[in-house]
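Asker: 10 is the number of the first residue of the sequence shown in our numbering; add one for each residue after it.
Cβ atoms here follow ideal geometry from the backbone N, Cα and C, with glycine treated the same way.
Computed from a predicted structure; not experimentally measured.
Okay, handing you the structure first.
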Amino acid sequence: MARAESGQIRINNPLDLVEHIAGKHGWVMDRAGEDELTLTVSGQWTDYHMSLNWRGDLETLHMACAFDAKIPENRLNEVYRLVAQINEQLWLGHFDVWLHEGLIMYRHGLMLNGALATDGQCEALFKMALEACERYFQAFQFVVWAGKESREALASSMFETEGRA
C-alpha cells in the first residue's frame, strides 16, 4: 500500500518501494518472496549483485551488495587485512568476505523502528553501497590479483583524479 506524504511516496513494505525504485533505474530484479528482492546493477568496474531482505521482527531493511571475487588461499589473509582497513574508514555499513560463495560484499541495514521507509532513504542506501563498492573494488583487485599488500592497495584506491587525459 502506498500513500503520498509531503510529495514523497511512502510504502509499508520497504521492498515494494525498492522494487519501484529499481524499476525507475531499469535495474534487473527478481522478487523471490514477500521479504526478499535481488537486483543486478552495473558499475564502472563490474556488475554488483544486491540482495535486500526485510526483517519485520527487527523492522530492518538489510542490503548486501556483492561482487564476485575468487580469492586464492595465499591471498586470503591480506584480503582480511584490507577489509579491516577499509571498515575503519566507513561511517556506515561494512565489508565482509564470504568464502564459500566467493564473494566480497558491502552490507548495511536500515533500521526503521516503526517508521515507514522513504524513497530518499532507499536511494541513499543504494548510493552508499555502490559508492563504497566502486571506491574499493580496485583495492580488492590489487590485493587478490596483483599481489599487493593491503596498505599499498588501499592507498592506490584512495587516489582520486580530476579531469580527463
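Specify the secondary structure class of Asp77 as computed by DSSP and reduced to three states.
Answerer: Residue numbering aside, residue 77 sits at position 68 when the sequence shown is read from its first letter. The answer is strand: DSSP assigns Asp77 an E or B state.
Asker: Can you list, in chain order, the residues of its chain whose CB lies under 7 Å from that of Ser159, leaving out five sequence neighbours each side?
Answerer: Within the sequence shown, numbered from 1, the residue matching residue 159 stands at position 150. So the qualifying residues of the chain are Glu87, Arg90, Leu91, Gln94 and Val152.
Asker: The beta strand (DSSP E) with His117 in it runs from where to where?
Answerer: Counting from 1 along the sequence shown, the entry for residue 117 is found at position 108. Note, His117: beta strand (DSSP E), Leu112 to Met120.
Asker: Can you tell me whether DSSP reads His29 as helix, strand or coil?
Answerer: Looking up residue 29 in the sequence shown gives position 20. It is helical.
Asker: Take His117 as the anchor and find which of Asp105, Asn21, Gly65 and His34 has the nearest alpha-carbon.
Answerer: Sequence index remark: in the sequence shown, residue 117 carries index 108 (1-based). Per the Cα distances, Asp105.
Asker: Just confirm the distance between the C-beta atoms of Asn21 and Leu125, as a whole number of angstroms; I'd bet it's less than 8 Å.
Answerer: As a position in the sequence shown, residue 21 is number 12, starting the count at 1. As a position in the sequence shown, residue 125 is number 116, starting the count at 1. That belief holds up - the Cβ atoms of Asn21 and Leu125 are roughly 6 Å apart, short of 8 Å.
Asker: Would DSSP call Leu101 helix, strand or coil?
Answerer: Numbered from its first residue, the sequence shown carries residue 101 at position 92. Coil, per DSSP.
Asker: Taking the alpha helix (DSSP H) that Leu46 belongs to, which residues open and close that run?
Answerer: One-based indexing of the sequence shown puts residue 46 at position 37. Segment Glu45 to Ser51 is the beta strand (DSSP E) holding Leu46; no alpha helix (DSSP H) there.
Asker: Could you have a look at Asn21 and say whether DSSP puts it in helix, strand or coil?
Answerer: By 1-based counting over the sequence shown, the position of residue 21 is 12. Here Asn21 sits in coil by DSSP.
Asker: What separation, rounded to the nearest whole angstrom, lies between the Cα atoms of Arg40 and Ile30?
Answerer: The residue labelled residue 40 in the question sits at position 31 within the sequence shown. The residue labelled residue 30 in the question sits at position 21 within the sequence shown. Approximately 13 Å between the Cα atoms of the pair.
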